[in-house]
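Residue numbers (my numbering): 493 to 811.
Beta carbons are placed, not taken as given, at the ideal position from N, Cα and C, and that holds for glycine.
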Amino acid sequence: MKIKPMDLSGVSTYPISDRNNKVSLKRDFAGDITPGMSVSALLAALPNQLGGESLNSVINAVVKARENGKPVSIAIGGHVIKCGLQPVLKKLIEADIITAVAMNGSASIHDYEISLIGETSEDVGAVLHCGTFGMAEETGHDINSALAAGVADGIGYGEALGRFIVENQNPYIASSLLATCYEKEIPATVHVAVGTDIIHQHPLCDGALLGQATFTDFRLFTSVVSTLGNGGVFLNIGSAVIMPEVFLKALSVAQNLGFHVDHFTTANFDMTQHYRPLQNVVKRPTAGTSRGLTITGHHEIMLPLLAAGILDKIGAKHG
Numbered sequence: 493m494k495i496k497p498m499d500l501s502g503v504s505t506y507p508i509s510d511r512n513n514k515v516s517l518k519r520d521f522a523g524d525i526t527p528g529m530s531v532s533a534l535l536a537a538l539p540n541q542l543g544g545e546s547l548n549s550v551i552n553a554v555v556k557a558r559e560n561g562k563p564v565s566i567a568i569g570g571h572v573i574k575c576g577l578q579p580v581l582k583k584l585i586e587a588d589i590i591t592a593v594a595m596n597g598s599a600s601i602h603d604y605e606i607s608l609i610g611e612t613s614e615d616v617g618a619v620l621h622c623g624t625f626g627m628a629e630e631t632g633h634d635i636n637s638a639l640a641a642g643v644a645d646g647i648g649y650g651e652a653l654g655r656f657i658v659e660n661q662n663p664y665i666a667s668s669l670l671a672t673c674y675e676k677e678i679p680a681t682v683h684v685a686v687g688t689d690i691i692h693q694h695p696l697c698d699g700a701l702l703g704q705a706t707f708t709d710f711r712l713f714t715s716v717v718s719t720l721g722n723g724g725v726f727l728n729i730g731s732a733v734i735m736p737e738v739f740l741k742a743l744s745v746a747q748n749l750g751f752h753v754d755h756f757t758t759a760n761f762d763m764t765q766h767y768r769p770l771q772n773v774v775k776r777p778t779a780g781t782s783r784g785l786t787i788t789g790h791h792e793i794m795l796p797l798l799a800a801g802i803l804d805k806i807g808a809k810h811g
């Protein structure tokens with residue numbers, strides 16, 4: 493039997509005024525964009541939906557957290573340092589907005605090299621096959637030496653390297669995030685997987701010292717995570733694997749020890765939203781009364797905008 497086109501004359505309809513809509517001209521559309529507008533005005537003019545709503549929510553959560561004396565902790569990958577964003581993060585630390593910094597091993601290496609020579613990030617493809625990739629003497633020697641001294645004094649990777657940069661007065665110390673944290677006495681932790689970083693190739697590398705240094709930092713980071721409940725903020729910026737995994741384990745330990753970490757805000761900033769940050773930062777930890785957000789974009793654009801929005805809002809409240 494040949495099938496005929498459906499007769500639609502009997503379809504029932506209803507008035508559009510009875511429908512619930514997800515987008516409203518009054519509520520959700522962009523505001524007026526004008527020449528010379530302030531950062532706050534620009535952010536207020538963003539459409540109140542999707543990325544615009546998420547970015548403003550992160551800014552509001554950070555500002556509220558600091559006004560209430562709650563922590564704002566950030567975790568970063570190496571690309572954040574390679575993009576030259578230390579001045580942005582340093583400004584937020586000096587303004588008492590960021591209260592703790594965690595990073596993977598590559599971020600610490602790039603930060604150290606910047607402090608030493610004002611440059612970092614070799615051309616891997618050009619030197620890999622000749623066997624010289626990652627073999628810079630000063631990087632491996634200095635960082636491994638710093639860790640050995642730090643472990644002897646009972647401190648972790650991040651504090652040990654920050655202290656080393658400060659005490660040795662590296663030429664570009666002002667551009668070091670680890671040195672800034674050390675001088676401001678805020679927790680700076682470094683979390684490594686053995687074999688992932690160029691300093692593990694150096695003759696001075698000691699696996700026991702490396703493990704002790706980063707394990708001390710894991711315990712310190714767990715203490716930071718334990719304080720996030722009831723209004724704190726945790727931002728994961730550009731780490732697709734290491735920091736989301738470390739955050740999840742630290743949160744688990746904190747909960748196991750009786751710290752009820754709930755009612756806080758997390759956000760993942762990256763150019764692409766990967767599986768682990770989405771699950772281990774945005775979704776799983778916020779299953780209770782917390783909120784997880786995603787901000788997709790280039791760090792060199794999104795972080796200055798985030799920082800400017802936070803500083804502008806805080807300045808407007810206290811100006």
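- As far as DSSP is concerned, Gly-646 takes part in no beta bridge.
- By the C-beta criterion, the region 612 to 626 is judged not to be in contact with the region 664 to 683, since fewer than 3 inter-stretch pairs fall below 8 Å.
- Here His-790 carries a coil assignment [DSSP, helix/strand/coil].
- In the DSSP assignment, the residues bridged to Thr-758 are Phe-726, Gly-784.
- If the five residues before and after Leu-577 are omitted, its C-beta is found closer than 8 Å to the C-beta atoms of His-791, Glu-792, Leu-795, Pro-796, all from its own chain and listed in chain order.
- Under a 10 Å Cβ-count criterion, Val-515 is classified as exposed, with fewer than 16 other Cβ atoms of the shown protein chains found around its own Cβ.
- Per DSSP, Asn-512 lies in no alpha helix (DSSP H) and is assigned neither H nor E.
- Annotation for Ile-566: the continuous beta strand (DSSP E) segment containing it runs 564 to 568.
- The three-state reading of DSSP puts Val-774 in helix, counting H, G and I together.
- DSSP places His-694 in no beta strand (DSSP E); its state is neither H nor E.
- By the CB criterion at 8 Å, Leu-547 and Ile-787 fall inside the cutoff.
- For Val-593, the enclosing beta strand (DSSP E) has its first and last residue at 592 to 596.
- When Cβ pairs closer than 8 Å are counted between the two stretches, the region 748 to 765 is seen not to touch the region 585 to 599, the count staying below three.
- One thing to note: Phe-710 has its Cβ no nearer than 8 Å to the Cβ of Phe-726.
- A straight-line Cα-Cα distance of about 32 Å links Ile-647 and Tyr-767.
- When rounded, the separation of the alpha-carbon atoms in Asp-754 and Thr-505 is 45 Å.
- As a beta-bridge residue in DSSP terms, Thr-681 pairs with Ala-594.
- Sequence-distant partners of Val-555 (beyond 5 residues in either direction) whose C-beta falls short of 8 Å from its own C-beta, in its chain, are Ile-802, Lys-805, Ile-806, Lys-809.
- With fewer than 16 other Cβ atoms inside 10 Å of its own Cβ, Phe-521 counts as exposed.
- By the neighbour-count criterion, in which a residue is buried when 16 or more other Cβ atoms sit within 10 angstroms of its Cβ, Arg-655 is buried.
- In the three-state scheme derived from DSSP, where H, G and I count as helix and E and B as strand, Lys-494 is classed as coil.
- Between Gly-626 and Ile-690, the CB-CB gap stays under 8 Å.
- Closest option to Ile-734, judged by alpha-carbon separation, among Asp-510, Ala-536, Glu-545, Ala-567: Ala-567.
- Pro-736 sits in a helix when the DSSP states are folded into three classes.
- By a beta-carbon distance limit of 8 Å, Asn-540 contacts Arg-519. Their separation comes to about 6 Å.
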